[in-house]
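Trainee:
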Amino acid sequence: MSDTTDEAMADEESQAATEEAKTDADSSSGDAVMDEPNSSDEGSADVEVSIPEFANMQETLKEGAGRPINRFYDVSVTVWAELGRVELPLGDIVKLAQGSVLKLGRPISAPVDLMAQGVRVARGEVVIVDDCFAIRIKEIETSADAKTK
Numbered sequence: 001m002s003d004t005t006d007e008a009m010a011d012e013e014s015q016a017a018t019e020e021a022k023t024d025a026d027s028s029s030g031d032a033v034m035d036e037p038n039s040s041d042e043g044s045a046d047v048e049v050s051i052p053e054f055a056n057m058q059e060t061l062k063e064g065a066g067r068p069i070n071r072f073y074d075v076s077v078t079v080w081a082e083l084g085r086v087e088l089p090l091g092d093i094v095k096l097a098q099g100s101v102l103k104l105g106r107p108i109s110a111p112v113d114l115m116a117q118g119v120r121v122a123r124g125e126v127v128i129v130d131d132c133f134a135i136r137i138k139e140i141e142t143s144a145d146a147k148t149k
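Counting in the working numbering, the sequence shown runs from 1 upward without gaps.
1. Thinking residue 136 and residue 124 are a contact (beta carbons under 8 Å), I'd like their distance in whole angstroms, please.
2. Quick check on DSSP: helix, strand or coil for residue 90?
3. State the Cα-Cα distance for the pair residue 72 and residue 88, rounded to the nearest angstrom.
4. Drop a sphere of 10 angstroms on the beta-carbon of residue 115, count the other beta-carbons inside from all chains shown, and report buried for 16 or more, exposed for fewer.
5. According to the Cβ coordinates, are residue 82 and residue 112 closer than 8 Å?
6. Any idea if residue 122 is buried or exposed, counting beta-carbon neighbours within 10 angstroms, 16 or more meaning buried?
7. Taking the alpha-carbon positions, what's the residue 142 to residue 94 distance?
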């Protein structure tokens, strides 16, 4: 074969490899996008594209299912009671002074929310214990009922 024919075949193989890599990259579900080498660029190198293999997460979840939850009992979580909320324009907030009263959007008879990590875990009523506010739990939230705030 002549040198011209060899170069033409090499160009065709390079273009075919580039198209195959582009097809593989287009069909993958990854979010990362890589610029394809332009076949007209001189000296452009072929890029090898492969799809990573990941462990089966279902099997991993089943393996961890038997671990006791009591190993987390010493983890500290901030818990707070929420009496209610009000939305104010910034102009009204800067006008607040000592003695100002904010009306919260919750009736006095409504239970307060007991929150942990931004998730309601229980509802209860405000009581006083040893000169401190406290919450008497009236209802524990189930995972389906829990709301984030």
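C-beta: ideal position from N, C-alpha, C; glycine also. Just so you know, these numbers come straight off a predicted model, no measurement behind them.
Mentor: The short version:
1. 5 Å
2. helix
3. 39 Å
4. buried
5. yes
6. buried
7. 39 Å
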